[in-house]
Amino acid sequence: MRACLLRPKDRKMTMHQTIETKIHDAIGPAHLEVMNESHMHNVPPGSESHFKLVIVSDTFEGMPRVRRHQQINSLLASELNGGIHALSMQTLTPAEWSARGGEIMASPQCLGGGKDDIARS
Amino acid sequence: MSDNPVFDRIKSEIDSNDVVLFMKGSPMFPQCGFSAAVAQALTTMEVKFKGVDVLEDGDIRNGIKDFSNWPTIPQLYVKGEFVGGCDIVREMFEAGELQQLFKDKGVEAA
Chain A
36 MRACLLRPKD RKMTMHQTIE TKIHDAIGPA HLEVMNESHM HNVPPGSESH
86 FKLVIVSDTF EGMPRVRRHQ QINSLLASEL NGGIHALSMQ TLTPAEWSAR
136 GGEIMASPQC LGGGKDDIAR S
Chain B
2 MSDNPVFDRI KSEIDSNDVV LFMKGSPMFP QCGFSAAVAQ ALTTMEVKFK
52 GVDVLEDGDI RNGIKDFSNW PTIPQLYVKG EFVGGCDIVR EMFEAGELQQ
102 LFKDKGVEAA
């Protein structure tokens with residue numbers, strides 16, 4: 036019998052993959068973008084410390100913005116506690132996403148302060 | 002009063018100031034782009050706000066995260082109510098909702 040020796044989840048996932056997988060499994064978003072913006076900040080090349088997410092899902096329907104972010108933050112609680120320094124996100128319903136024509140806001144530039152803490156929103 | 006002295010201090014800040022921004026650095030010299038973006042939105046709207054520099058106070062820096070159930074800085078409070086962090090404030094600002102919020106809450110804004 037041929038065994039499938041290495042399924043992706045058996046390998047150590049990158050932070051990028053972990054974020055993507057957790058959000059996919061939890062809410063099955065209609066659209067998901069995970070952007071590693073670490074290169075825009077004062078961290079070594081190849082870092083996975085600063086991320087921006089665009090999440091479009093009908094689970095956000097009727098939910099205030101703060102609750103939407105709290106839902107994602109709690110999904111990613113262990114990543115926020117170890118590894119992710121800054122997490123920016125836009126959480127939209129499919130209707131909101133199409134109303135703004137799929138446009139997202141640019142991220143602010145790093146000013147270099149508070150490296151040992153989580154920044155952002 | 003709660004059992005948590007840090008929560009009491011946070012509570013007293015947001016009770017005694019209409020608009021409070023927990024941020025990294027000061028409104029004049031923000032130390033983080035996310036904090037700067039929110040401070041700038043408030044300044045553009047000519048809203049008077051109190052900036053609390055969490056880099057100056059480790060207790061507040063950690064305490065505010067539990068207080069708001071929000072893991073990141075900055076955090077904006079208006080009339081004792083948590084509005085959100087950088088992403089939410091910028092989204093609201095660009096949609097004109099922040100201006101409306103200040104109006105509804107009776108906070109002076111341009």
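Chains as they are written, first to last, in our numbering: chain A, 36 to 156; chain B, 2 to 111.
Ideal placement from N, C-alpha and C gives every residue a C-beta, glycine not left out.
Quantities reported herein were computed from a predicted structural model and do not represent experimental measurements.
- Taking a cut-off of 8 Å for Cβ pairs, the segment 130-145 of chain A and the segment 61-80 of chain A touch, as three or more such pairs fall below it.
- For Asp-19 of chain B, none of the residues of chain A pass the 9 Å Cβ criterion, the least Cβ distance being about 19 Å.
- Shown here for Leu-127 of chain A: same chain residues with a beta carbon closer than 6 Å to its own, the five before and five after excluded, namely Val-91 in chain order.
- In the three-state scheme derived from DSSP, where H, G and I count as helix and E and B as strand, Asn-71 of chain A is classed as strand.
- Taking C-beta separations shorter than 7 Å and ignoring five residues to either side along the sequence, the partners of Ala-37 of chain B in its chain run Pro-31, following chain order.
- According to the DSSP secondary-structure assignment, Met-24 of chain B is paired through a beta bridge with B:Asp-54.
- Glu-55 of chain A is positioned such that its CB atom lies no closer than 9 Å to that of Ser-123 of chain A.
- Residue pairing by DSSP puts Thr-126 of chain A in a beta bridge opposite A:Ile-90.
- Here Gln-76 of chain B is buried: its Cβ has 16 or more other Cβ atoms, across all protein chains shown, within 10 Å.
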